[in-house]
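Enquirer:
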Amino acid sequence: MAQGANILVVDDEQVILDLFSRVLGTRGHKITTAKDGYQAIEEVKKGKFDIIFLDIVMPGINGLETYKKIKEVDPNAHTIMMTGYSVAELVEQALLEGVQDCLHKPFDIMEIMKTVEKVLEIKKLEGDKK
1 MAQGANILVV DDEQVILDLF SRVLGTRGHK ITTAKDGYQA IEEVKKGKFD IIFLDIVMPG
61 INGLETYKKI KEVDPNAHTI MMTGYSVAEL VEQALLEGVQ DCLHKPFDIM EIMKTVEKVL
121 EIKKLEGDKK
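By this note's numbering, the letter at position 63 of the sequence shown is numbered 63, and the numbering carries on one by one without gaps.
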């Protein structure tokens with residue numbers, strides 16, 4: 001990989017933030033973390049991210065509402081939802097809103113890496129079309 005991706009990880013569980021930081025950070029990606037949707041929206045206002053991993057169930061503002069607000073700031077945000085709960089309706093709604101995929105907890109490290117590579121390939125193809 002020529003250059004690492006700029007990735008935002010949003011989850012109210014510190015262990016998840018640490019996992020993504022460790023796994024993706026050691027592979028050359030720049031990781032920014034946010035503990036809730038409000039903080040995530042502020043991070044997106046500050047700068048662009050190649051990929052956003054966003055937990056669906058969080059206190060305050062849930063992942064779907066956060067995603068909608070992020071899209072107002074960055075309509076081209078490539079977002080992957082994450083969940084440890086059975087929230088099929090929210091997942092379905094998120095996919096209809098434009099979320100690329102949904103990962104289910106507990107995570108498989110290889111699944112995280114494949115997801116990152118898939119989104120980066122999509123971004124590359126989109127860039128080639130412009």
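We put the CB at the ideal spot given by N, CA and C, even for glycine.
Whose C-alpha, out of Y67, T83 and Q39, is nearest the C-alpha of A77?
Expert: Mapped onto the sequence shown, residue 77 falls at position 77. Residue nearest to A77 within the set Y67, T83 and Q39 is Y67 (criterion: CA-CA distance).
Enquirer: Which term fits L54, buried or exposed, when burial requires 16 or more other beta carbons within 10 angstroms of its beta carbon?
Expert: Here residue 54 refers to the residue found at position 54 of the sequence shown. Under this definition L54 is a buried residue.
Enquirer: Considering only residues of the same chain and omitting the five flanking positions on each side of Q3, which have a CB-CB separation below 8 Å?
Expert: On the sequence shown, residue 3 is found 3 positions in, with the first residue counted as 1. Cβ neighbours of Q3 beyond the five flanking positions: G28.
Enquirer: With K30 as the anchor, note down where its beta strand (DSSP E) starts and where it stops.
Expert: Along the sequence shown, one-based indexing puts residue 30 at 30. Note, K30: beta strand (DSSP E), K30 to A34.
Enquirer: Quick check: the Cα distance between M1 and P59, rounded to an integer number of angstroms?
Expert: The residue you call residue 1 lines up with position 1 of the sequence shown. The residue you call residue 59 lines up with position 59 of the sequence shown. Only weak support exists for where M1 lies, its pLDDT of 41 falling under 50; the coordinates are left without a value.
Enquirer: Compute the beta-carbon to beta-carbon distance between I56 and T83, rounded to the nearest angstrom, for a pair I have assumed lies under 8 Å.
Expert: What you label residue 56 is simply residue 56 of the sequence shown in a count that begins at 1. What you label residue 83 is simply residue 83 of the sequence shown in a count that begins at 1. Contact flag correct, Cβ pair sits at about 4 Å.
Enquirer: Taking L120 as the reference, which of I80, S21 and Q14 has the closest Cα?
Expert: Taking the first residue of the sequence shown as 1, we reach residue 120 at position 120. With distances taken between Cα atoms, L120 lies closest to I80.
Enquirer: Between E43 and L8, which are expected to be in contact by the criterion C-beta below 8 Å, what is the C-beta distance as a whole number of angstroms?
Expert: One-based indexing of the sequence shown puts residue 43 at position 43. One-based indexing of the sequence shown puts residue 8 at position 8. The beta-carbon distance between E43 and L8, rounded to whole angstroms, is 6 Å. This is short enough to meet the 8 Å contact definition.
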